[in-house]
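Asks:
2 protein chains.
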Amino acid sequence: MENISQEDYLTAIFRNLDDVGEVKPNLLAEKLEISNAAVTDMLKKLSRDGFIDYKKYKSIKLTTDGESYAKNILRRHRIWEVFLYKTLGMSWDKIHDEAEKLEHSSSDELINLLEEFLDYPEVDPHGYPIPDKKGKIKDSKSVIAITELNKNESAKVVRVNDDVKNLLTYLTKIGINLGREIKIKDKLEFDGSILIKINGNDVNLSKKVASNIFVEKIK
Amino acid sequence: MENISQEDYLTAIFRNLDDVGEVKPNLLAEKLEISNAAVTDMLKKLSRDGFIDYKKYKSIKLTTDGESYAKNILRRHRIWEVFLYKTLGMSWDKIHDEAEKLEHSSSDELINLLEEFLDYPEVDPHGYPIPDKKGKIKDSKSVIAITELNKNESAKVVRVNDDVKNLLTYLTKIGINLGREIKIKDKLEFDGSILIKINGNDVNLSKKVASNIFVEKIK
DNA sequence: TTATAATTTTAAGTGCGCTTAAATCTATTA
DNA sequence: TAATAGATTTAAGCGCACTTAAAATTATAA
Ligand SMILES: [Mn+2]
Ligand SMILES: [Mn+2]
Ligand SMILES: [Mn+2]
Ligand SMILES: [Mn+2]
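Put into structure tokens, the structure is as follows:
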């Protein structure tokens, strides 16, 4: 395909599929920071090119082609992130934007060599799984958002949404990174915020922040 | 700037400046494999944006801005090539095209980290010098084309034009790579071809090939 | 159920980077 | 020097990826 815009649309679609495997144009427009009209335009092209199923005023589905394409771009993105973070030591909050460009400028051969050089990493530095050459993604059913934990439960941070502006910078500031253990001290009804204990400190997370941090329970 | 086309034009201009620091549109059209009309179009934009000095029907010069921009892209390109070749082991004839894309998708910060990781290489895998952070390029006055050698002179291959389609693949096939010693056995007048000895074999190089291989004399 | 709000599409328009064809300018050479 | 060849620019047009404004459709809530 070799088309930066279309590639970004496809990954945005894939990342935002709901429980029945559909997305709405409005959400895409938000995620891509683009007008609704532009989205409609592109949907026609993606449909024409066989990457999505699209009927006017209906939700969007990926075709088999579209899905495997999206996963390939995601694979590129995440492998680049590992390289930037581990090999070059670039900071947590910069690698996503950098990978967002590199993902469109590298052949499959390059990505495979890079994967080998990095010794076949399974997750990117934000905890997202890296699809293998065939597009297979390890499923992570036990991964849940902090918002789904109950009071007094303990958990380990295993993933953080890399897609939310300035979230990573904020998390670094309050001492949250992958592998950290947290404990729910309280869940506040009126605004959905959550009080957690981390590193011996009490920290209050807004609902929005908490819903973008993912953990695995510790029994 | 963040513009792939303009960046490729600028490096093409820089790489093809003549002895008085000028290029003609026609040559650019050839190198970029694009119509003359498209070149004229882009020259107006590059001029508007302050990267070149351009007057209708006259040759093109780079402005100070244009030159430092071009050298920065060249720096990116060549550092990427070193990485692809040395770190990942990608083959000699594939790295150029890959770098041709990556050069447009990497921040200065990334390039600097990469340069450090590679331990500050001075030349790319084709023998071209890598501009430093300030745009300074080591000059290589003693580097000459094979065509400039006389009969019976010996020399070491130090650079090969990475810009000529299929040249590298061909050279690999006949056993020419950087560091190899050659000796001029004969120069044929009628077609400008040159007979050289390399690796104990006699090989005939066409004028076109010979003019794209660069050497340093051995006394 | 119907008014209103929200979403989505259509319409019109823009700059980009390209194309081919025609016009214009410059260089070569008879 | 005048004809011609070659280089360059202009003109018209195209698809892409976006915009804003208006129209159409669908969802929500009184
Ligand atoms: Mn990311
Ligand atoms: Mn991207
Ligand atoms: Mn190169
Ligand atoms: Mn390029």
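Note that the protein sequences, when read in sequence, are chains A and B.
So for the first sequence, the working numbering puts the first residue at 1; every next one is plus one.
So for the second sequence, the working numbering puts the first residue at 1001; every next one is plus one.
The beta carbon of each residue, even a glycine, is placed where N, CA and C say it ideally should be.
1. Report the partner residues of I1073(B) according to the DSSP bridge assignment.
2. Have a look at the DSSP bridge pairing and note the partners of R25(A).
3. Hey, would you say K1187(B) sits closer than 9 Å to N1150(B), going by beta carbons?
4. Chain B partners of S106(A), CB-CB under 8 Å?
5. Return the bridge partner residues of N204(A) from the DSSP annotation.
6. To the nearest angstrom, how far is the alpha carbon of E1103(B) from that of N152(A)?
7. Is K94(A) close to chain B? Criterion is C-beta to C-beta, closer than 9 Å.
8. The segment 11-39 of chain A: which residues have C-beta closer than 7 Å to a C-beta of chain B, in chain order?
9. In three-state terms, what does DSSP make of D97(A)?
10. Taking the Cβ atom as the reference point for each residue, do E1122(B) and K1138(B) lie within a distance shorter than 9 Å?
11. According to DSSP, what are the bridge partners of I144(A)?
12. In the DSSP assignment, what residue or residues form a beta bridge with K1183(B)?
13. Quick one: list the residues of chain B neighbouring T87(A), beta-carbon separation under 8 Å, in chain order.
14. Mind checking if E1109(B) is an interface residue toward chain A, Cβ cutoff 9 Å exclusive?
15. Where does K173(A) land, buried or exposed, given buried means 16+ other C-beta within 10 angstroms?
16. Report yes or no: is there a C-beta of chain A within less than 9 Å of the C-beta of L1084(B)?
17. Alpha carbon to alpha carbon, what distance is there between K141(A) and I218(A)?
18. Cutting at 7 Å between CB atoms, please list the residues of its own chain near K61(A), excluding the five before and the five after it.
19. Would you be able to state if there are at least three C-beta pairs under 8 Å between the segment 1091-1107 of chain B and the segment 1066-1077 of chain B?
20. At 8 Å on the CB atoms, spell out the chain A contacts of M1090(B), in chain order.
21. I'd like to confirm the pairing. Which residues does DSSP put opposite P129(A) in its beta bridges?
22. Per the contact definition of three or more C-beta pairs closer than 8 Å, is the segment 156-163 of chain A in contact with the segment 197-215 of chain A?
23. Is Y128(A) near ligand 1 - that is, is its Cβ less than 8 Å away from at least one heavy atom of it?
24. If you run the structure through DSSP and keep just helix, strand and coil, what is D1163(B)?
25. Quick test of your reading: K1197(B) and K1183(B), contact by CB under 8 Å. State the CB separation rounded to the nearest angstrom.
26. Measuring straight from C-alpha to C-alpha, what distance separates K1134(B) and V209(A)?
27. Counting beta carbon pairs with one atom in the segment 1002-1013 of chain B and one in the segment 162-171 of chain A, are three or more of them shorter than 8 Å?
28. Under 5 Å, CB to any heavy atom of ligand 3. Which residues pass, going along the chain?
29. Between the alpha carbons of L43(A) and G179(A), how many angstroms are there, rounded?
30. For ligand 2, is there a heavy atom less than 8 Å away from the beta-carbon of I1144(B)?
31. Assuming E1116(B) is part of the alpha helix (DSSP H), what are its boundary residues?
32. Specify the secondary structure class of L188(A) as computed by DSSP and reduced to three states.
33. Can you tell me the Cβ-Cβ gap for L110(A) and M1090(B), rounded? I've got them flagged as a contact below 8 Å.
34. Would you list the residues whose beta-carbon is nearer than 6 Å to any heavy atom of ligand 2, in the order they occur in the chain?
35. Is R78(A) near ligand 1, going by C-beta to nearest heavy atom under 8 Å?
Replies: Checking against the coordinates, here is how it stands:
1. Against the second sequence, residue 1073(B) aligns to sequence position 73. Paired residues: none, contrary to the question.
2. Your numbering for residue 25(A) matches position 25 in the first sequence. In the sequence as presented, Arg is not what sits at residue 25(A); that position holds Pro. Answer by DSSP bridge pairing: none, since P25(A) is not bridged.
3. To locate residue 1187(B), count along the second sequence from 1; it is residue 187. To locate residue 1150(B), count along the second sequence from 1; it is residue 150. K1187(B) is a Cβ neighbour of N1150(B), given a cutoff of 9 Å.
4. Translated into the one-based positions of the first sequence, residue 106(A) becomes position 106. Near S106(A) (Cβ distances below 8 Å), the residues of chain B are E1098, K1101 and L1102.
5. Against the first sequence, residue 204(A) aligns to sequence position 204. N204(A) pairs with L195(A).
6. Numbered from its first residue, the second sequence carries residue 1103(B) at position 103. Numbered from its first residue, the first sequence carries residue 152(A) at position 152. As the crow flies, the alpha-carbon of E1103(B) is around 50 Å from that of N152(A).
7. Against the first sequence, residue 94(A) aligns to sequence position 94. Yes, contact with chain B.
8. From the segment 11-39 of chain A, no residue has a Cβ closer than 7 Å to chain B.
9. Looking up residue 97(A) in the first sequence gives position 97. In the structure shown, D97(A) adopts helical secondary structure according to DSSP, grouped into three states.
10. The residue you call residue 1122(B) lines up with position 122 of the second sequence. The residue you call residue 1138(B) lines up with position 138 of the second sequence. The Cβ atoms of E1122(B) and K1138(B) lie closer than 9 Å to each other.
11. Here residue 144(A) refers to the residue found at position 144 of the first sequence. BP columns for I144(A) point to V215(A).
12. As a first step, residue 1183(B) must be located in the second sequence, where it is residue number 183. Bridge partners of K1183(B): S1154(B) and K1197(B).
13. Within the first sequence, residue 87(A) is the residue found at index 87, counting from 1. Using a Cβ-Cβ cut-off of 8 Å, T87(A) is close to F1117 of chain B, given in chain order.
14. Taking the second sequence and counting its residues from 1, the one referred to as residue 1109(B) is at position 109. Taking Cβ atoms only, chain A reaches closer than 9 Å to E1109(B), which makes this a yes.
15. Walking along the first sequence from the start, residue 173(A) turns up at place 173. Result: exposed.
16. On the second sequence, position 84 is the one that residue 1084(B) refers to. Chain A contact via Cβ: present.
17. Start at 1 with the first residue of the first sequence, and residue 218(A) comes out as number 218. Start at 1 with the first residue of the first sequence, and residue 141(A) comes out as number 141. So the two alpha carbons sit approximately 14 Å from each other.
18. Locating residue 61(A) in the first sequence gives position 61, where the first residue counts as 1. Take K61(A), set aside five residues on each side of it, and the residues of its chain with a beta-carbon closer than 7 Å to its own are G21, E22, I52 and D53, in chain order.
19. Judged by pairs of C-beta atoms under 8 Å, the segment 1066-1077 of chain B touches the segment 1091-1107 of chain B, as three or more such pairs exist.
20. Within the second sequence, the letter at position 90 stands for residue 1090(B). Going along chain A in sequence order, the residues near M1090(B) (Cβ under 8 Å) are E109, L110 and L113.
21. Walking along the first sequence from the start, residue 129(A) turns up at place 129. Its beta-bridge partners are V123(A).
22. Taking 8 Å as the limit for Cβ pairs, the verdict is that the segment 156-163 of chain A does touch the segment 197-215 of chain A.
23. By one-based count along the first sequence, residue 128(A) stands at place 128. Because some heavy atom of ligand 1 lies under 8 Å away, the Cβ of Y128(A) counts as near it: yes.
24. In the second sequence, the residue the question calls residue 1163(B) occupies position 163. DSSP places D1163(B) in coil when its eight states are reduced to three.
25. Numbered from its first residue, the second sequence carries residue 1197(B) at position 197. Numbered from its first residue, the second sequence carries residue 1183(B) at position 183. About 5 Å separates the two Cβ atoms, so the contact holds.
26. In the second sequence, counting from the first residue as 1, residue 1134(B) sits at position 134. In the first sequence, counting from the first residue as 1, residue 209(A) sits at position 209. Their backbone Cα atoms lie some 41 Å apart in a straight line.
27. Touching, no, given that fewer than three Cβ pairs across the two stretches are closer than 8 Å.
28. Those residues, listed in chain order, are H1096(B) and D1162(B).
29. To locate residue 43(A), count along the first sequence from 1; it is residue 43. To locate residue 179(A), count along the first sequence from 1; it is residue 179. Straight-line Cα distance between these residues: approximately 39 Å.
30. Counted from its first residue, the second sequence places residue 1144(B) at position 144. Checking the Cβ of I1144(B) against ligand 2 gives no.
31. As a working note, residue 1116(B) is residue 116 in the second sequence. Note, E1116(B): alpha helix (DSSP H), D1108 to F1117.
32. As a first step, residue 188(A) must be located in the first sequence, where it is residue number 188. Here DSSP, grouped into helix, strand and coil, assigns L188(A) to coil.
33. Reading the first sequence from its first residue, position 110 is the one you call residue 110(A). Reading the second sequence from its first residue, position 90 is the one you call residue 1090(B). In this structure L110(A) is in contact with M1090(B), their Cβ atoms being roughly 7 Å apart against a cut-off of 8 Å.
34. Those residues that have a beta carbon less than 6 Å away from any non-hydrogen atom of ligand 2 are, in order along the chain, D8(A), E100(A), E103(A) and H104(A).
35. Start at 1 with the first residue of the first sequence, and residue 78(A) comes out as number 78. At a threshold of 8 Å, R78(A) counts as near ligand 1, since its beta carbon sits closer than that to one of the ligand's heavy atoms.
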